[in-house]
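Q: Per this note's numbering: the sequence shown ends with 520, consecutive numbering throughout.
The C-beta atom is built at its ideal place from N, Cα and C for all residues, glycine as well.
Just so we're clear, the structure is a prediction, and the values are computed from it rather than from any experiment.
Quick one: this structure, given as structure tokens, is what I'll be asking you about.
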Amino acid sequence: AEGIMKLLDVHPTAQRAFRDAAIKGTGIVKVTHSERRIKVERVMIDEIIVDEGECISGQPPRQMHHRKIVDREVLSAKWPTFADEISRAQARGGPGIYGMWADYRPVEGNEAVVIESWILPIGEPDTEGYQPGRHTVCVDGADLEDEEYEEPQFPFARLVWSERVTGWYGIGLIERGAGHQRCLNKLNWQIDRQLDQHAVPTTFVRPVDAKLTVQSTNRAGSIVVVKGDMPQTVIPPAVSGETYRRREDIKSSFYEDAGISRLQATAMKPAGLDSGAAMREYKDATTQRFALQEQAYERFVLDIVWLLL
């Protein structure tokens, strides 16, 4: 198992899927085989479609669909008997039909959307009531492959960052922090507007120096005539301290929600922790929040190995 994992770069692929899970909630690795080799590939969760109605109570889905966008020449070379159908795929309805097939990215004219689908068998082989599953590969207007499927699982290993109460797709850190980010974006916009409008130093001069208001060409500040004895420049606070404190509070809130500290985010250690034993204890204490994700990743790698074998 270790040898085939190194041969097929399983660990780098699993790490990329782990980052997908942190960002989008679910990471996927697909394991397929041909007569010559085994292929391990990371799959974006945008390409995987399941029937969430089958998973509303937490059970796994019985059918899964992998939506891929592939060059037509590649498809024609792999399935030469369907070359005409592949060249006509998705061309009948015009560009508007592409959104029905792949709404998450545009489809170029030389590309076609391929739907690879699996439905699991019912029951156990050689028992009463057993029904084999199905595996198909389709494009618009043609079934490129259609065969029975007898494996008890899909050719995918799945990693979820945080489970939902209902449904199959997980919750990632980005979704959990969406509210914090929305508030930060609004505050940053407000701060920029206030800095542009109010962060202008003003110089107050005597009436005898009023001509400076005409001669000055400095756009970073302005000159105002007042009755006084000594010119002075006043730089008012452009943004209130409450606004800056609010922004820091939102950042701290997301750190707490994500379960990490600012020291971890900046790869720094607390002062006074110098020994190796102290660093190990500190790491155990600070990573306990992610014990579920750690266990899920270990199981994720084992699932990939099982599919490989």
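(1) Of the choices Asp354, Val325, Arg278, whose alpha-carbon is the least far from that of Phe293?
(2) Classify Met490 as buried or exposed, calling it buried when 16 or more other Cβ atoms lie within 10 Å of its own Cβ.
(3) If we ignore side chains and look at the alpha-carbon of each, how far apart do Asp282 and Val325 end up?
(4) Under 7 Å between the Cβ atoms of Thr243 and Pro366?
(5) On the DSSP bridge list, what partners appear for Asp354?
(6) Relative to the C-alpha of Asn396, which candidate in Ala488, Gly214, Arg457 has its C-alpha closest?
(7) Classify Val376: buried if its beta carbon has 16 or more other beta carbons within 10 angstroms, exposed otherwise.
(8) Apart from the five residues just before and just after Arg369, which ones in its own chain have a Cβ nearer than 7 Å to its Cβ?
(9) Is it buried or exposed for Gln364, if we count other Cβ within 10 angstroms and need 16 for buried?
(10) Does the segment 405–419 come into contact with the segment 270–281, if we say contact requires no fewer than three beta-carbon pairs (one atom in each stretch) closer than 8 Å?
(11) From this set, Thr338, Lys289, Met216, Ile280, which residue's C-alpha is nearest Ser245's C-alpha?
(12) What's the gap between the Cα of Arg227 and the Cα of Val254?
(13) Apart from the five residues on each side of it in sequence, which residues of its chain come closer than 7 Å, Cβ to Cβ, to Glu386?
(14) What is the residue span of the alpha helix (DSSP H) that Met275 lies within?
(15) Kindly list the residues whose CB is nearer than 7 Å to the CB of Ala323, restricted to its own chain and excluding five residues on each side of it in sequence; keep chain order.
(16) Glu258 and Lys241 - do their beta-carbons sit closer together than 7 Å?
(17) Three-state secondary structure (DSSP) at Phe415?
(18) To the nearest angstrom, how far is it from the Cα of Ile260 to the Cα of Ile461?
(19) Using 7 Å as the threshold, is the C-beta distance between His409 and Ala449 below it?
(20) Using a Cβ-Cβ cutoff of less than 8 Å, which residues in the same chain neighbour Tyr508 once the five nearest sequence positions on both sides are dropped?
(21) Is the Cβ-Cβ distance between Leu406 and Ile215 less than 7 Å?
(22) Please report the Cβ distance between Leu331 and Ala233, rounded to the nearest whole angstrom; I am assuming they are in contact, meaning their Cβ atoms lie under 8 Å.
(23) Rounded to a whole number of angstroms, what is the C-alpha to C-alpha distance between Thr338 and Asp468?
(24) CB-CB under 8 Å to Trp400, same chain, minus the five flanking residues each way: which ones, in chain order?
(25) Are Gly378 and Glu263 touching if we call contact CB-CB under 7 Å?
(26) Just checking my contact of Asp504 with Trp372 at CB under 8 Å: how many whole Å lie between their CB atoms?
(27) On the CB-based measure, 16 or more other CB atoms within 10 Å of its CB, does Glu327 come out buried or exposed?
(28) Nearest-angstrom Cα distance between Tyr455 and Ile471?
(29) Mark Gly334 as exposed unless 16 or more other C-beta atoms lie within 10 angstroms of its C-beta, in which case mark it buried.
(30) Name the one or two DSSP bridge partners that Ala368 has.
(31) Assuming Arg253 is part of the beta strand (DSSP E), what are its boundary residues?
(32) How big is the Cα-Cα spacing for Glu563 and Gln506?
A: Well, looking at it:
(1) Counting from 1 along the sequence shown, the entry for residue 293 is found at position 82. With distances taken between Cα atoms, Phe293 lies closest to Asp354.
(2) Taking the first residue of the sequence shown as 1, we reach residue 490 at position 279. With fewer than 16 Cβ atoms within 10 Å of its Cβ, Met490 is classed as exposed.
(3) Residue mapping note: residue 282 aligns to position 71 of the sequence shown, counting from 1. Residue mapping note: residue 325 aligns to position 114 of the sequence shown, counting from 1. Distance between the alpha carbons of Asp282 and Val325: 10 Å.
(4) Working through the sequence shown from its first residue, we reach residue 243 at position 32. Working through the sequence shown from its first residue, we reach residue 366 at position 155. Yes. Within cutoff.
(5) To locate residue 354, count along the sequence shown from 1; it is residue 143. DSSP lists Cys349 as partners of Asp354.
(6) Within the sequence shown, the letter at position 185 stands for residue 396. When only C-alpha atoms are compared, the closest one is Arg457.
(7) For the purposes of this step, residue 376 is taken as the residue at position 165 of the sequence shown. Val376 is exposed by the Cβ-count criterion.
(8) The residue you call residue 369 lines up with position 158 of the sequence shown. So the list reads Thr237, Ile239, once near-sequence residues are dropped.
(9) Walking along the sequence shown from the start, residue 364 turns up at place 153. Exposed: under 16 other Cβ atoms inside 10 Å.
(10) no
(11) Numbered from its first residue, the sequence shown carries residue 245 at position 34. Among Thr338, Lys289, Met216, Ile280, the Cα nearest to that of Ser245 belongs to Lys289.
(12) Counting from 1 along the sequence shown, the entry for residue 227 is found at position 16. Counting from 1 along the sequence shown, the entry for residue 254 is found at position 43. Each residue's alpha carbon lies about 10 Å from the other.
(13) The count along the sequence shown starts at 1 and reaches residue 386 at position 175. Within the same chain, Gly236 come within 7 Å of Glu386 by CB-CB distance, once the 5 residues on both sides are set aside.
(14) Mapped onto the sequence shown, residue 275 falls at position 64. Where Met275 is concerned, there is no enclosing alpha helix (DSSP H), although the beta strand (DSSP E) it sits in stretches over 274–282.
(15) As a working mapping, residue 323 is identified with position 112 in the sequence shown. Answer for Ala323: Val281, Arg283, Leu286, Ile297, Ala300, Gln301, Val350, listed in chain order.
(16) Taking the first residue of the sequence shown as position 1, residue 241 is located at position 30. Taking the first residue of the sequence shown as position 1, residue 258 is located at position 47. No, the pair does not count as a contact, with Cβ atoms beyond the cut-off.
(17) Against the sequence shown, residue 415 aligns to sequence position 204. Residue state, collapsed to three classes: strand.
(18) One-based indexing of the sequence shown puts residue 260 at position 49. One-based indexing of the sequence shown puts residue 461 at position 250. In a straight line, the C-alpha of Ile260 is about 34 Å away from that of Ile461.
(19) Locating residue 409 in the sequence shown gives position 198, counting from the first residue. Locating residue 449 in the sequence shown gives position 238, counting from the first residue. Against a cut-off of 7 Å, the Cβ pair of Ala449 and His409 comes out as a contact.
(20) Position 297 of the sequence shown, counted from the start, is the residue given in the question as residue 508. Once the five neighbours on either side are set aside, the close Cβ partners of Tyr508 are Ala225, Phe229, Leu370.
(21) Your numbering for residue 406 matches position 195 in the sequence shown. Your numbering for residue 215 matches position 4 in the sequence shown. It is not a contact, given that the beta carbons lie outside the stated cut-off.
(22) The residue labelled residue 331 in the question sits at position 120 within the sequence shown. The residue labelled residue 233 in the question sits at position 22 within the sequence shown. Not quite, the Cβ-Cβ distance comes to about 29 Å (not below 8 Å), so this is no contact.
(23) Mapped onto the sequence shown, residue 338 falls at position 127. Mapped onto the sequence shown, residue 468 falls at position 257. C-alpha of Thr338 to C-alpha of Asp468: approximately 50 Å in a straight line.
(24) The residue given as residue 400 occupies position 189 in the sequence shown. None.
(25) Position 167 of the sequence shown, counting from 1, holds the residue named residue 378. Position 52 of the sequence shown, counting from 1, holds the residue named residue 263. Contact flag set, yes.
(26) Residue numbering aside, residue 504 sits at position 293 when the sequence shown is read from its first letter. Residue numbering aside, residue 372 sits at position 161 when the sequence shown is read from its first letter. Note on identity: in this sequence residue 504 is Gln, with Asp being the wrong assignment. Rounded, the Cβ-Cβ distance is 6 Å, consistent with contact.
(27) Position 116 of the sequence shown, counted from the first residue, corresponds to residue 327. Of the other Cβ atoms in all chains shown, 16 or more fall within 10 Å of the Cβ of Glu327; this residue is therefore buried.
(28) Here residue 455 refers to the residue found at position 244 when the sequence shown is read from its first residue. Here residue 471 refers to the residue found at position 260 when the sequence shown is read from its first residue. So the alpha carbons of these two residues sit roughly 22 Å apart.
(29) Here the question's residue 334 lines up with position 123 in the sequence shown. With fewer than 16 Cβ atoms within 10 Å of its Cβ, Gly334 is classed as exposed.
(30) By 1-based counting over the sequence shown, the position of residue 368 is 157. Ala368 is bridged to Val240.
(31) Here residue 253 corresponds to residue number 42 of the sequence shown, with the count starting at 1. Per DSSP, Arg253 belongs to the beta strand (DSSP E) from 249–254.
(32) The chain is shown from 212 up to 520; residue 563 falls before or after that span and cannot be answered.
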